[in-house]
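Enquirer: Below is one structure. I have some questions about it.
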Amino acid sequence: MAGHSKWANIRFRKGAQDAKRGKLFTKLIREITVATKAAGPDPDNNPRLRAAVDKGLSNNMKRDTIETAIKKGSGTTDSENFDEIRYEGYGPAGIAIIVDCLTDNKNRTVAEVRHAFSKAGGNLGTSGSVDYMFQKLGVISLSSQLDEDRLMDAAIEAGADDVITHDDGSFEVLTPAEDFMTVRDALVESGFPYEHAEVTLRADNLSPVNEKDAEKVLRLLDVLEDLDDVQNVYSNADYPDEIMNSAE
């Protein structure tokens, strides 16, 4: 599981870069709008919206901006219609990749995603071609300055599936996707503040890549994440230590 943790660190840094370019806010506004349209404007009764709002606040998004996005999603102001699309494919070294998008122009989005794959020597697959390799789950990352036994008891009691201890002493609590918010809130109430928490896709098995291919894969993932219509990118790549250390 250590590879997942290291990849998460890379994604955090990438997220910070996106925020500087203003792209992260655009993506979050889309997610808030779509989540509101899907299940209503009340975050307490809409877990997807609450997660998006929490992510916006953690990235210093103003509450006024969040409220405006919710109003757009609830139909009180004019808003664009976005479709949710998932693309699946293979990158360099046969790495499985999933790309989740929110778009108002499917033709533009598929053309941009296909071009990114092709330029990297990969290719788009059909629906379901790699999705079966991943599972949807909640991941709550916590620091190393915690009592492991108490954390384990609190997490399992709240409904978590597992608690993983990494080599650096940090922890990850894994939850069913539908119980993510419940477990996260229960941990906070029990005195275990999290450093990062999200519902994500994780590969059941990682695929090792050499240093040369790892650089190609990371370059492709960066290109995909930088596309305006792309919300999230997932892969099953297991990177060599040399690559991970250079990203620190």
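So the sequence shown is residues 1 to 248, counted in UniProt numbering. We put the beta carbon where it would ideally sit given N, CA and C, even for glycine.
#1: How far does the beta strand (DSSP E) with Glu88 in it reach, from first residue to last?
#2: Who does Pro208 pair with in a DSSP beta bridge?
#3: Can you list, in chain order, the residues of its chain with a C-beta nearer than 8 Å to that of residue 253? Leave out the 5 residues immediately preceding and following it.
#4: If you drop the 5 nearest sequence neighbours on each side, which residues of the same chain put their C-beta closer than 7 Å to that of Ala160?
#5: Val130 lies in the beta strand (DSSP E); which residues open and close that run?
#6: Which of helix, strand or coil does DSSP assign to Lys62?
#7: Which residue marks the beginning of the beta strand (DSSP E) containing Leu227, and which one marks its end?
#8: When burial is assigned at 16 or more other CB atoms within 10 Å of the CB, is Thr76 buried or exposed?
#9: Classify Tyr132 as buried or exposed, calling it buried when 16 or more other Cβ atoms lie within 10 Å of its own Cβ.
#10: In whole angstroms, give me the CA-to-CA distance for Asn205 and Asp213.
#11: Once the 5 residues before and after Asp168 are set aside, which same chain residues still bring their CB inside 7 Å of it?
#12: Return the bridge partner residues of Val53 from the DSSP annotation.
#13: Ile95 and Val217: beta carbons closer than 8 Å?
Expert: Looking at the atomic coordinates:
#1: 83 to 90
#2: Pro208 is bridged by DSSP to Asp238.
#3: Past the edges of the chain, shown from 1 to 248, lies residue 253, and the structure says nothing about it.
#4: Val173, Leu174, Thr175, Val183
#5: Premise fails: Val130 is in no beta strand (DSSP E) and is neither H nor E.
#6: coil
#7: It is not in any beta strand (DSSP E) - Leu227 carries neither H nor E in the DSSP assignment.
#8: exposed
#9: exposed
#10: 18 Å
#11: Ser144
#12: Answer is none; Val53 lacks a bridge partner.
#13: Yes. Within cutoff.
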